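Sequential numbering from 650 applies to the sequence shown in this note's numbering.
Think of the CB as a built atom: it goes at the ideal place given N, C-alpha and C, for glycine as much as any other residue.
Just so we're clear, the structure is a prediction, and the values are computed from it rather than from any experiment.
One structure below.
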Amino acid sequence: FLFLIHFTLTMRATIPYTVVIIGGYGGMGKIFVRIFKDYGWNVIITGPSKEKGEKTASDFGVKFSDDNRIAGNADITIITVPIEKTIETIKQVAPIVQDGSLIADFTSVKSDVCDALLKYTNTNAEIISIHPMFGPTISDIHGQIFILCPLRTEKWMPVIEKFLNEHKAKFVTATPEEHDKATSVIQGLTHFTYISIGYTLKNLDFNVRESRKFASPIYNLMLDIIGRILSQDPYLYAHIQMENSLTQDVRKKFIESATSLNNAINSKDEKNFVNIMSSSAKHFSDLGNAVGRSNKAIASLHEELEFLKNNTGKEIFIRHTSSQQIHFGNISAVDAENLELENKTTRSKFKIANIEILKDAPEILNVQKNVFGITKKDFA
């Protein structure tokens, strides 16, 4: 007899804590609603829109309340609201969290927020300010980076570290000041630079789509990064720039540096140009690894397309990266941008850029169980 046994391992928390997510029906909130629920924590979401809240609660099988004061019953309270509303929400919620509980936020700017948490939080509660360094389009926190600012904590820091370790996430601890200094470049300079390039392309009336016909791989990769940033919430990105006071000096230094480079080019000062580029390369210090990582990123753009072409006619499972909905079927057609799947009842077309191919056997097995059900047979 040959027995094929499939094991699906699901991470579960030892203690089923009650977690209240203030703003839980927003983009970031939804990611953690699903992850916390799957982990075995009891999740309650809040927010001013009853319609959005009840829909999200129904979609994920959690509870909704339109009253933030329910945080007074939580083991863990997480505030994930727009930056400009965070301190106002802290003033409302932080004083009423229960003794021994944890309050956290997911805000991108820390100094003022952390001051407010320390000022208004119940003195018998613990505080960890958290910054997930990713946007709401990800499907999993595996490999993602979290910045933790532990402000007042004993019991809860090990709980959060255990949760992140079990989900194979990366984390670093920092003071609020260290956080804002680092993110003034990591977010502030990065966003400012790429938004500036996007705005330049707009002012040039440059046909971005047409330009891809002439493009090098690195240009295509750059356009995708610019497009990714430009597709995000502009109000969020405005507040990341405006609420972190350190970004002003960073932007000033960037404009000075760009002006120096521009002057060297306009004056045909080759020596100065070479010095600018060479000194920058020396300061960068990680050139070899940067080339290696970027080569992998470029190669991945082609590997996925090759995989789809080589498996035409075969069944695959995909996840749509925006809706997180899983689709399956036989590959009926593939081109540089699109994928067509067909099964007995439907024929669907997807943008390759917006899908993730599922290759993990346990995950595919779970999908098959949910779609086709489970047949149990007992052999004696």
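Are the beta-carbon atoms belonging to residue i and residue j less than 8 Å from one another?
| i | j | result |
| --- | --- | --- |
| isoleucine 1001 | isoleucine 965 | no |
| lysine 686 | valine 711 | yes |
| isoleucine 765 | isoleucine 796 | Looking at the sequence shown, residue 765 is not isoleucine but alanine. Cβ distance not < 8 Å, so alanine 765 and isoleucine 796 don't count as in contact. |
| proline 866 | isoleucine 947 | yes |
| asparagine 717 | threonine 695 | yes |
| alanine 706 | valine 742 | no |
| leucine 990 | asparagine 979 | yes |
| aspartate 715 | lysine 740 | no |
| isoleucine 732 | leucine 885 | yes |
| glutamine 974 | serine 788 | no |
| lysine 819 | isoleucine 794 | yes |
| arginine 683 | phenylalanine 713 | no |
| phenylalanine 922 | alanine 930 | no |
| threonine 849 | phenylalanine 903 | no |
| aspartate 754 | valine 762 | yes |
Rounded to whole angstroms, what's the CA-CA distance from residue i to residue j? Just pull it up for me.
| i | j | result |
| --- | --- | --- |
| proline 1081 | isoleucine 776 | One cannot answer for residue 1081 here, as it falls past the ends of the chain, which runs 650 to 1029. |
| tyrosine 666 | glycine 749 | 12 Å |
| lysine 862 | asparagine 856 | 11 Å |
| histidine 994 | histidine 976 | It should be pointed out that residue 994 corresponds to threonine in this sequence rather than to histidine. If you take the alpha carbons of threonine 994 and histidine 976, they lie about 12 Å apart. |
| isoleucine 874 | serine 880 | 10 Å |
| phenylalanine 999 | lysine 811 | 37 Å |
| glycine 675 | proline 785 | 9 Å |
| methionine 782 | proline 825 | 15 Å |
| serine 927 | phenylalanine 933 | 10 Å |
| leucine 957 | leucine 988 | 8 Å |
| tyrosine 688 | proline 807 | 16 Å |
| threonine 663 | leucine 936 | 44 Å |
| lysine 704 | asparagine 992 | 30 Å |
| isoleucine 727 | glycine 678 | 9 Å |
| leucine 872 | glycine 941 | 20 Å |
| aspartate 898 | asparagine 915 | 26 Å |
| tryptophan 690 | glycine 702 | 18 Å |
| arginine 877 | asparagine 773 | 42 Å |
| lysine 901 | leucine 895 | 10 Å |
| isoleucine 1013 | isoleucine 809 | 29 Å |
| glutamate 598 | phenylalanine 681 | An answer regarding residue 598 cannot be provided, because it is not within the stretch 650 to 1029 covered by the chain. |
| serine 860 | isoleucine 693 | 47 Å |
| serine 943 | asparagine 771 | 47 Å |
| glutamate 905 | glutamate 919 | 19 Å |
| isoleucine 846 | glycine 962 | 41 Å |
| lysine 949 | lysine 1008 | Position check: residue 949 holds serine in this sequence, whereas lysine was assumed. Looking at the two C-alpha atoms, the distance is approximately 15 Å. |
| arginine 858 | asparagine 852 | 15 Å |
| aspartate 882 | lysine 917 | 40 Å |
| leucine 767 | valine 983 | 55 Å |
| glutamate 827 | tyrosine 868 | 33 Å |
| aspartate 854 | glycine 673 | 39 Å |
| lysine 945 | alanine 864 | 18 Å |
Contact check, residue i vs residue j under 8 Å by CB: the rounded distance?
| i | j | result |
| --- | --- | --- |
| alanine 985 | leucine 954 | 7 Å |
| aspartate 829 | lysine 759 | 6 Å |
| isoleucine 671 | threonine 729 | 7 Å |
| asparagine 893 | threonine 832 | 7 Å |
Quick one: does the C-beta of residue i sit closer than 7 Å to a heavy atom of the ligand ADP?
| i | result |
| --- | --- |
| histidine 828 | For the structure depicted, the ligand ADP is absent and the ligand set is empty, with no information on it obtainable. |
Would you verify that the beta carbon of residue i is, or is not, closer than 8 Å to some beta carbon of chain B?
| i | result |
| --- | --- |
| glutamate 827 | Judged by its chain identifiers, the structure shown contains no chain B, having just a single protein chain. |
If I measure Cβ to Cβ from residue i and keep anything under 8 Å in the same chain, skipping five residues before and after, which residues do I get?
| i | result |
| --- | --- |
| tryptophan 805 | Ile725, Leu751, Glu775 and Ile777 |
| tyrosine 769 | Ile739, Lys740, Ala743 and Pro744 |
| serine 997 | His976, Gly978, Glu989, Leu990 and Glu991 |
| alanine 939 | Phe933 |
| isoleucine 967 | Ile975, His976, Phe977, Leu988, Leu990, Phe999, Ile1004, Glu1005, Ile1006 and Leu1007 |
| proline 697 | Asp715 |
In its own chain, which residues sit with a C-beta less than 6 Å from the C-beta of residue i, not counting the 5 before and 5 after it?
| i | result |
| --- | --- |
| lysine 817 | His791 |
Excluding five sequence neighbours on each side, which residues of the same chain lie with their C-beta closer than 7 Å to the C-beta of residue i?
| i | result |
| --- | --- |
| asparagine 960 | Ile980 |
| leucine 910 | Ile925 |
| threonine 970 | Thr786, Ser788, Asn1003, Ile1004 and Glu1005 |
| leucine 813 | Phe795 and Phe820 |
Notebook entry, point to check: Is there contact here, the region 797-813 with the region 767-785, by at least three beta-carbon pairs under 8 Å?
Noted result: As far as the Cβ criterion goes, the region 797-813 touches the region 767-785, which means the pair count is three or higher.
Practice prompt. Assess, as a yes-or-no matter, whether the region 823-838 is touched by the region 888-898 under the definition of 3 or more beta carbon pairs within less than 8 Å.
Written response: yes
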